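Each residue of the sequence shown is one higher than the one before, counting from 82 in the working numbering. Working notes for the structure below.
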Amino acid sequence: MPEVQVVGVPGGVLERIRSSCFYSIPAGIVSVVLGAAVLLACAWVFKWAVWDAVWQADLDACRRASGACWGFVAEKWRLIIFGRFPYELQWRPAVATILIVLMLCVTALPALWTRRGARFILWGWVAAFAVFFTLMTGGVFGLEPISTDMWGGLPLTVILTLLGMAASSPIGILLAIGRRSRLPIVSALSTGYIELVRGVPLITVLFVASFVFPLLLPEWLKADAFWRVAVGITLFQAAYTAETVRGGLQTIPRGQFAAARSLGLTERQCYVHVILPQALVAIIPAFVNSLLSCFMDTSLVMVVSMYDLTGSLKLALGDAHWRPYFIEGYVFIALVYFSSSFIISRYSQWLEGRLRGPQRR
């Protein structure tokens, strides 16, 4: 088929559409059919989700409406976001979660990636965790004590993800280095741990952490279910982080090791100052994938009677009057997960480009 010239728009939008969607007759037919299907689907979704939707928490109006009932979210959003935390005290998890998110934003600022900025970030996280657990647990400063069994919703999802990834990262790095060690016993132990944990589903790890650990541990080592689950997620994520880091280490040429040793650096100094900085940049996409996976997998804690964001929605659907509108509830939490994941993904792409920039030059 002869190419069609787009007069007056060289390299413009029309030219890009033609070259990518209508470069042949079959491609044009497929593009038109799929485009029409997408437009029809978007029109139906808009009609259901916006045009015919009910936005007020009016049960009678929802029953009469032909569109979505966002009144369910308007009625139950506090239960979905904060779970079983006492209603009149929900300002505490709200403030605690906002503080953690603010610290994540501060940590992501390149202007603070200096020696002085690192100290500020370190002490900022110490203060953020102290305030978070003080507000969530209570029992001090006149705050009513709240058991960790009452934690739930978005605060539980955020803190489990943060604790799991923050604690598993150094463990995973040590396991990856241990697997490459020349000492057979270190390599065998690291390899055995990684392969054993990677061969077990996370749900099994959570069951063991919740129901087996209390039977095996001495009385003075027993902890709340929250901490047992956090440890289980950490140990599980550490095995996957180890393999991710090992993949990054394999991208570093052996000449880098030889050059570092020729400068008189010890094995530890080689890894800390030369090898790991390059390897960790190489694994940013894989690490972010593990982070998002951990963020989603926290929904599995529902099987051990902990109610994260997804579990809290189940609690909200316990109201028989609003149960028919479960689709709107799942769409709401899907938007929460998607928006969080999208922001993290975009930031990781920017960070990877920024850190790889000097290497390209």
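Even glycine gets a Cβ: it sits at the ideal position worked out from N, Cα and C. Predicted model, so just to flag it, every value in this text is computed and none were measured.
> Across which residues does DSSP place V135 in a beta bridge pair?
Replying inline: Partner(s): C150.
> In whole angstroms, what separates the C-alpha of G328 from that of I254?
Replying inline: 11 Å
> Among the residues of its own chain, which have a CB less than 6 Å from the CB of V382, if the five just before and after it don't count?
Replying inline: V310, D389
> Hey, R260 and S250 are a contact pair by Cβ (cut 8 Å); roughly how many whole angstroms apart?
Replying inline: The distance from the Cβ of R260 to that of S250 is about 16 Å, inconsistent with a contact at the 8 Å cut-off.
> How would you write the range of the alpha helix (DSSP H) that A130 sits in, first residue to last?
Replying inline: First-last for A130: undefined, no H or E at that position.
> Beta carbon of L287, beta carbon of V384: below 8 Å?
Replying inline: yes
> Residues in its own chain within less than 6 Å of V135 by CB, not counting five upstream and five downstream?
Replying inline: A142, C143, A146, C150, G152
> Going straight from the alpha carbon of V113 to that of V119, what length do you get?
Replying inline: 10 Å
> Alpha carbon to alpha carbon, what distance is there between A108 and I98?
Replying inline: 12 Å
>> In the DSSP output, which residue or residues are listed as bridge partners for G233?
In response: Y388
> How about T218 and I227: are their beta carbons less than 8 Å apart?
Replying inline: yes
> For V362 versus S429, is the C-beta spacing smaller than 8 Å?
Replying inline: No, these two residues do not count as a Cβ contact at 8 Å.
> With distances taken between CB atoms, is the gap from W129 to G148 smaller than 8 Å?
Replying inline: yes
>> Quick check: the Cα distance between R197 and L190, rounded to an integer number of angstroms?
In response: 13 Å
> In this structure, does DSSP put R144 in helix, strand or coil?
Replying inline: Look at R144 here: in three-state DSSP terms it is helix.
> In chain order, which alpha helix (DSSP H) runs of at least 4 residues are fully inside the segment 301 to 335?
Replying inline: 306 to 331
> Among the residues of its own chain, which have a CB less than 7 Å from the CB of L283, if the five just before and after it don't count?
Replying inline: F317, D378, L381
> Do three or more CB pairs link the segment 390 to 398 to the segment 158 to 176 at distances below 8 Å?
Replying inline: Contact between the segment 390 to 398 and the segment 158 to 176 is established, with three or more Cβ pairs separated by less than 8 Å.
> Looking at the structure shown, is S228 part of a helix, part of a strand, or coil, going by DSSP?
Replying inline: coil
> DSSP on Q171, reduced to helix/strand/coil?
Replying inline: coil
>> For G220 and A211, I'd like the C-alpha separation in whole angstroms.
In response: 13 Å
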